[in-house]
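Protein chains in written order, with the working numbering: chain E, 1 to 204; chain L, 1 to 204.
C-beta: ideal position from N, C-alpha, C; glycine also.
This is the structure in structure tokens:
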């Protein structure tokens, strides 16, 4: 099927967001945990977390100022800290429910079976039971002129990983952790089989 | 395992990049196709393509100026156009090989079985056989001060999707397309089973 830009622009809203949210490929499935200065916690599903660098270790994610996930952004701006927690097989439903539009006065931890966990005095809540839990400090943000979204960048301060997932060369086996990936806005998959390839050099 | 930032910073280079490239979760697996003003094509694997918006449809990806993928960036800056093509099960090895450091005078299409394809007069080459092929026009870039990487944004101009993958509500089933996801720097997985959940509203 060939879809021109004019055709895409003419699509009905829900059809269009299903389509364009699927079109980039599989996405990371993360819960971002924050806590306001009033001590109200927040946890929300994000599928835009991306690696920006390893030295220093930097991750970024995209926030849409008009969305429910604005609470996440406000808490990070107020306090400087947030956590990224991997959505695993057992918490898919609760993780997805955090996309519901709760006010900033209500914690999604009180509306789901997700449990907040505090580790090593890190300010923001981790999500208990996640195989990978990352504590980050806000470093910078970029306002995207084209559509008003914001790229938020954080550096990794603390990292908690289930021991068995880390291999000899530093590779973290996400499949062994039953970590999910997201397809579109609402489909979750738990990949089962992987192929590791070698470092590639030019052929003659 | 608890890894402090000081410990992460002290890790050996390869261990560190394996670890931090795995830590964000599963990543999209895409081939970005470009063509220089000298008519030399380039195709390179990227795992940082992210959805920035649906109206207008905008995708972004991250490029490290010092890397081999600089050819991709240079071609986009020179010509304004690029393609994003989904890596599917049958081309994993060739797709991964595009990470080898070829000079800008050599096309990865000549060093692999990947075939360039031109559709509807779009300037940049698509990758033949990919279930999803996206033609994009460069719109903007953001220089990331923290580490010198660049976020490149493009708007979707043309979209080619295998008919059977698009569902009634616009959802594209990546699993039916045998589309891959990336774990870390070098592991590819083809997810097989998915769960679609409903739109979430607050509980009382």
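The beta carbon of residue 29/E lies closer than 8 Å to those of 45, 47, 86, 87, 95, 179, 180, 181, 182, 188 in the same chain, with the five residues before and after it left out. At least 8 Å separates the beta-carbon of residue 172/L from that of residue 14/E.
Within the region 48 to 91 of chain L, the complete beta strand (DSSP E) runs of at least 3 residues fall at 50 to 54, 57 to 63, 81 to 86. For residue 63/E, the closest C-alpha among the options 169/E, 144/E, 194/E is that of 144/E.
Per DSSP, the unbroken beta strand (DSSP E) holding residue 44/L starts and ends at 41 to 46. For residue 22/E, the number of other beta carbons within 10 angstroms of its own is at least 16, and it is reported as buried.
Not a single C-beta of chain E is nearer than 8 Å to the C-beta of residue 65/L. Listed along chain L are 197, each with a C-beta nearer than 8 Å to that of residue 93/E. The C-beta of residue 6/E comes no closer than 8 Å to any C-beta of chain L. With fewer than 16 neighbouring CB atoms inside 10 Å of its own CB, residue 176/L falls in the exposed class.
Residue 198/E is positioned such that its CB atom lies no closer than 8 Å to that of residue 200/L.
When Cβ-Cβ separations below 8 Å define contact, residue 193/L makes contact with chain E. Spanning the alpha carbons of residue 154/L and residue 115/E requires a straight line of approximately 39 Å.
Judged by beta-carbon spacing, residue 97/E lies beyond the 8 Å limit of residue 190/E, meaning their Cβ atoms are not closer than that value. Annotation: the region 126 to 190 of chain L contains the following complete segments of the beta strand (DSSP E) (minimum length 3 residues), in chain order: 132 to 143, 150 to 161, 181 to 183, 187 to 189. Membership of residue 32/L in the beta strand (DSSP E) is indicated by the continuous run 30 to 35.
Excluding the 5 residues flanking it on each side, residue 150/L has same chain C-beta neighbours closer than 6 Å at 63, 141, 143, in chain order.
Closer than 8 Å to the CB of residue 201/L there is at least one CB belonging to chain E. Look at residue 80/L: its C-beta is not under 8 Å from any C-beta on chain E. In this structure, residue 125/L places its C-beta atom within 8 Å of the C-beta atom of residue 33/L. Contact annotation: in the region 32 to 58 of chain L, residues whose CB is within less than 9 Å of a CB in chain E are 47, 48, 49, 50, 51, 52, 53, 54, 55, 56, 57, 58. Residue 108/L carries a helical assignment under DSSP once its states are collapsed to helix, strand and coil. Around the beta carbon of residue 24/E, 16 or more other beta carbons lie within 10 angstroms, which makes this residue buried.
Closer than 9 Å at the C-beta level to chain E, one finds these residues of the region 168 to 193 of chain L: 168, 169, 170, 171, 172, 173, 174, 175, 179, 180, 181, 182, 183, 184, 185, 186, 187, 188, 189, 190, 191, 192, 193. Restricting attention to 195/L, 194/L, 193/L, 186/L, the CA atom closest to the CA of residue 194/E is found in 186/L.
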